[in-house]
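Q: These protein sequence lines map, in sequence, to chains F and E. 426 is the number of the first residue of the first sequence in my numbering; add one for each residue after it. 653 is the number of the first residue of the second sequence in my numbering; add one for each residue after it.
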Amino acid sequence: MLKKLMLAGSLLALTAAPVMAEEVIGLITKTETNPFFVKMREGAQQKAQELGVKLITAAGKYDGDNDGQVAAIENLIAAGAKGFAIVPSDSKAIVPTIQKARDAGLKVIVLDTPLDPMNAADATFATDNRKAGMLIGEWAKGTLGDKAKDARIVFLDLATNQPTVDFLRDQGFMQGFGIDVKDPNKYGDEDDPRICTHEISQGDQEKGRTAMENALQKCPDVNVVYTINEPAAAGAWEALKAVGKDDGSVLLVSIDGGCPGVKNVQAGTLGATSQQYPLKMAAMALEAIHSGKIPDIDPAVGFLDTGAQLITAKPVDGVPSISVEEGLKLCWG
Amino acid sequence: MSDNASGSAMAERGLKDADQTVASFEEPEHGLIRRTQGFLHRFPTSIPFIVLLIGIVIFSFAAPGKFLAPFNFSLILQQVTIIAILGVAQTLVILTAGIDLSVGVIMILASVVMGRTAVVYGVPVEIAFPLGLLAGFACGLVNGLIVTKLRLPPFIVTLGTWSIFGALNVWYSKSETIRQADMQEAAPFLQWTGTILRPYNFFASLGLDWSFLKGWVLNYGSIVMLVVAAIIWYVLNRTAFGRHVYATGDDPDAARLSGINTDRTLIAVYALAGFICAIAAWVLIGRIGGVSPQAGQTANLDSITAVVIGGTSLFGGRGSIVGTLVGALIVGVFRNGLALSGLELLWQDFAVGVLIIVAVTIDQWIRKISA
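#1: Does chain F have any CB closer than 7 Å to the CB of E/Ala1003?
#2: Taking only beta-carbon atoms, is F/Pro740 less than 7 Å away from chain E?
#3: Do E/Val955 and E/Leu729 have their C-beta atoms within less than 7 Å of each other?
#4: Do F/Arg577 and F/Cys684 have their C-beta atoms closer together than 7 Å?
#5: Expressed to the nearest angstrom, what Euclidean distance is found between the alpha-carbon atoms of E/Thr673 and E/Arg890?
#6: For a test of your reading of the model: does the CB of F/Gly567 fall under 6 Å from any non-hydrogen atom of the ligand ZN? Yes or no.
#7: Indicate whether the contact test is met: 3 or more Cβ pairs, each with one atom in the region 740 to 754 of chain E and one in the region 874 to 885 of chain E, closer than 8 Å.
#8: Let me check one thing: in DSSP terms, what residues is E/Ile940 bridge-paired to?
#9: According to DSSP, what are the bridge partners of F/Ile620?
#10: Considering E/Tyr773, what are the terminal residues of the beta strand (DSSP E) in which it resides?
#11: 7 Å is my cut-off, CB to CB: does E/Gly774 come that close to chain F?
#12: Pick out whichever of E/Ile931, E/Ala1003, E/Val869 and E/Ala714 has its Cα sitting closest to the Cα of E/Asn853.
#13: Does E/Gly792 pass the burial test, meaning 16 or more other C-beta atoms within 10 Å, or should it be called exposed?
#14: Quick one: grab the DSSP three-state call for E/Cys917.
#15: Taking a contact to mean a Cβ-Cβ separation below 7 Å, would you say F/Asn491 touches F/Ala518 in this structure?
#16: When you compare the region 945 to 960 of chain E with the region 776 to 787 of chain E, are there three or more beta-carbon pairs, one atom per stretch, that lie closer than 8 Å?
#17: Do the CB positions of E/Leu704 and E/Ile1018 come within less than 7 Å of each other?
#18: Assess contact between the region 492 to 500 of chain F and the region 465 to 472 of chain F, defined as three or more Cβ pairs (one per stretch) separated by less than 8 Å. Is contact present?
#19: So for F/Gly669, helix, strand or coil by DSSP?
#20: Can you confirm whether F/Ala834, when its beta carbon is compared against all beta carbons of chain E, has any partner nearer than 7 Å?
#21: Closest by CA to F/Cys759, which one among F/Phe461, F/Pro656 and F/Leu452?
#22: Measuring only between beta-carbons, confirm whether E/Ser827 sits less than 7 Å from chain F.
#23: From which residue to which residue does the beta strand (DSSP E) around F/Asn510 run?
#24: Just the C-alpha distance for F/Leu531 and F/Gly508, rounded to the nearest angstrom, thanks.
#25: Use the C-beta contact count for E/Ile830: other C-beta atoms within 10 angstroms, 16 or more gives buried, fewer gives exposed.
#26: For E/Leu802, decide whether its Cβ has a neighbour in chain F, counting only Cβ atoms nearer than 7 Å.
#27: Taking E/Met766 as the reference, which of E/Val1010, E/Ile931 and E/Ser754 has the closest Cα?
#28: Go through its chain and collect everything with a Cβ distance to F/Gly567's Cβ below 6 Å, but skip five positions before and after it.
#29: Would you say F/Lys572 reaches chain E, if we count a Cβ-Cβ gap shorter than 7 Å as a contact?
#30: With a threshold of 7 Å between beta carbons, is F/Asp488 in contact with chain E?
#31: Hey, E/Met759 and E/Ala923 are a contact pair by Cβ (cut 8 Å); roughly how many whole angstroms apart?
#32: Leaving aside the five residues before and after E/Leu811 along the sequence, list all residues of the same chain whose C-beta is less than 7 Å from its C-beta, in chain order.
#33: My assumption, with CB atoms under 8 Å, is that F/Glu448 sits in contact with F/Lys479. Please give the rounded CB distance.
#34: Quick check for students: name the residue ranges of the beta strand (DSSP E) that lie wholly in the region 841 to 882 of chain E, counting only runs of 3 or more.
#35: Does the region 899 to 909 of chain E touch the region 796 to 803 of chain E, meaning 3 or more C-beta pairs lie closer than 8 Å?
#36: In chain order, what residues of the same chain have a beta carbon less than 8 Å from the beta carbon of F/Ser674, not counting five sequence neighbours either side?
The structure is reproduced here in structure tokens:
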């Protein structure tokens, strides 16, 4: 009974929306729970209130859930939305559904993870993940100085299928550190002896610790650890601490710029992190959909770079960075 | 399933026919295969031990010098501790022919309740910690009540509560991570399970120079795991309640007819499982230093894997806590060994999948002896 009422209510809301002429804009994220997306939703919510539009949010059930996102887009078309911003879980499989939405007159802005092909959306606002990786790579190289040529590096990556964000950050770090990356769109094909191992952390704190423990078995002489994100870095730190390598002998670097991560930079457990800006991404997307004006995008890049800044307490000459205090003001999650 | 059928028939026919059914266990054994089958039927826990031994032998050759070190074994023990504790909870439920898909999320929810209440809301850890244990217990109780009072299959119930507890986790945690440093300042007690022990140093301080202990590293989490397992082992094997658990799982009708309150047994099992998940939460906080509401996404399935590989039957009534601990160790040994041999994660998943299929096949095969 209750279910029927709720169903009737939501149907009513869906059909009533266009009649009431209230402008509806959607935001679809990969998952409901990841702090990055939680923050994105907050940014969108604020902007929606400011613009006086109605925000409908949806998410896949898990990272990689394409079906859930397809259903969310179909619902937004049915709700008569003006457009939506989406962080695609599967950058290829979602393309036909996005085309359907655009054919129905919706503006589509892709956030964070570009589509394949990128021009399948009206615009893409994203972090330049390769650049974010390069920043921490350059910083690690500068910090080590002469010792960089004998470094022993462990990479804690995201997943074996190497999604775009995974290889972009990993390869960016190598480029920044001065490693010959061979194929720039794939890791694992390099032959630089400074690379000790690539382990998979799944971006998870507990699995990050396990990955680092296994890496330490292979590379007891490690002195640089690259991590895909800050939870993985926090797990890696626990593993390093357990074997007494929390004495400054290992440089730990990461990417994200969430508040816990920035605080770890402040505490000195994390050497440096590249910060990205999910709030800004979402707010800019809503602005663009609402006004119908897409900002100018450099065709050579193909997407609007919402920026990445290096945060560290120990700046290195020639590598632009901001202080921990500034980072804390801008952090998310 | 055939056990259940013959069991209830047995109950109907009464005691004088029962003798014959029991006698059929003792039919003469012929040939090596038949004898092996008989041996495994009598000592089902020996299978996981054999698999564990095979794994250790393989990897000591595949990753020479690295795998067979005391420190590496200590590492494997630490890596499987959480799954082993969840496995103990899962074993209780599976012994009653049920399944609990919500163990992982109960653990995360309990860790969030403990950590967030203490660190973010500033409640003394003396209150926050029991509150977390209570949260786990309450989640388990809800599972048990729905299973017994609404008479729904445990798979469906815990599929539902998995989602519900997951939503509560997002709501209470706001998806915010609690850092190791903040935890250390506000509630170091919650990190105690991660404290490292060096048994050699301990015995050396007592004047015992036991050099074979050199290189071994333990943490309190592993000790907590052993204590939990020992208590549950005792409960299952030495108390009336334990016999009720096995009886309820083996044949609920027969159990009820022989005077067991099966509903009460089931509720107690699910609630106890929830409580054990909350203890796993404490160990998880020790392992990662803080609280990560995103962690443990695959813990429920990993715990079922440990139970199944450990030889506990998904049809209920057969299995043991020792088997589950060894099952968790097998998964840990294979994952660690394959990683040290330089194989990619996907082959670790592949190997664990093969282990599950083999384990259940063996279980089915040795059950045939009683059919």
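Cβ coordinates follow ideal geometry from the N, Cα and C atoms, glycine included.
A: According to the structure data:
#1: no
#2: Chain E contact via Cβ: absent.
#3: Looking at the sequence itself, residue 955 of chain E is Ser, so the reference to Val does not match. One thing to note: E/Ser955 has its Cβ no nearer than 7 Å to the Cβ of E/Leu729.
#4: no
#5: Its pLDDT being 48, under 50, E/Thr673 is placed unreliably in this model, and the value from its coordinates should be taken loosely. Roughly 26 Å separates the two Cα atoms.
#6: As for the ligand ZN, it is missing from this structure, which has no ligand bound.
#7: yes
#8: E/Ile940 is not bridged to any residue.
#9: F/Ile578
#10: E/Tyr773 -> no beta strand (DSSP E), and no H or E assigned at all.
#11: It does not: the Cβ of E/Gly774 has no partner Cβ on chain F nearer than 7 Å.
#12: The residue among E/Ile931, E/Ala1003, E/Val869 and E/Ala714 with its C-alpha nearest the C-alpha of E/Asn853 is E/Val869.
#13: buried
#14: A quick correction: the sequence has Thr, not Cys, at residue 917 of chain E. Helix.
#15: yes
#16: Because the criterion of three Cβ pairs below 8 Å is not met, the region 945 to 960 of chain E and the region 776 to 787 of chain E do not touch.
#17: no
#18: no
#19: Residue state, collapsed to three classes: coil.
#20: The structure shown does not extend to residue 834 of chain F, since chain F is modelled only from 426 to 758, so the question has no answer here.
#21: This structure cannot settle anything about residue 759 of chain F, because the visible part of chain F is limited to 426 through 758.
#22: Taking Cβ atoms only, chain F reaches closer than 7 Å to E/Ser827, which makes this a yes.
#23: Sequence check: residue 510 of chain F is Ala here, not Asn. Here the beta strand (DSSP E) through F/Ala510 covers Gly508 to Ile511.
#24: Straight-line Cα distance between these residues: approximately 4 Å.
#25: buried
#26: Answer no: the Cβ-Cβ gap between E/Leu802 and chain F never drops below 7 Å.
#27: Considering only alpha carbons, the answer is E/Ile931.
#28: Val741 and Val744
#29: no
#30: no
#31: With 8 Å as the limit, E/Met759 and E/Ala923 do not qualify as a contact, their Cβ atoms being about 15 Å apart.
#32: Leu753
#33: That pair is a contact at about 7 Å.
#34: none
#35: Here the region 796 to 803 of chain E does not lie against the region 899 to 909 of chain E, with fewer than 3 beta-carbon pairs under 8 Å apart.
#36: Asn648
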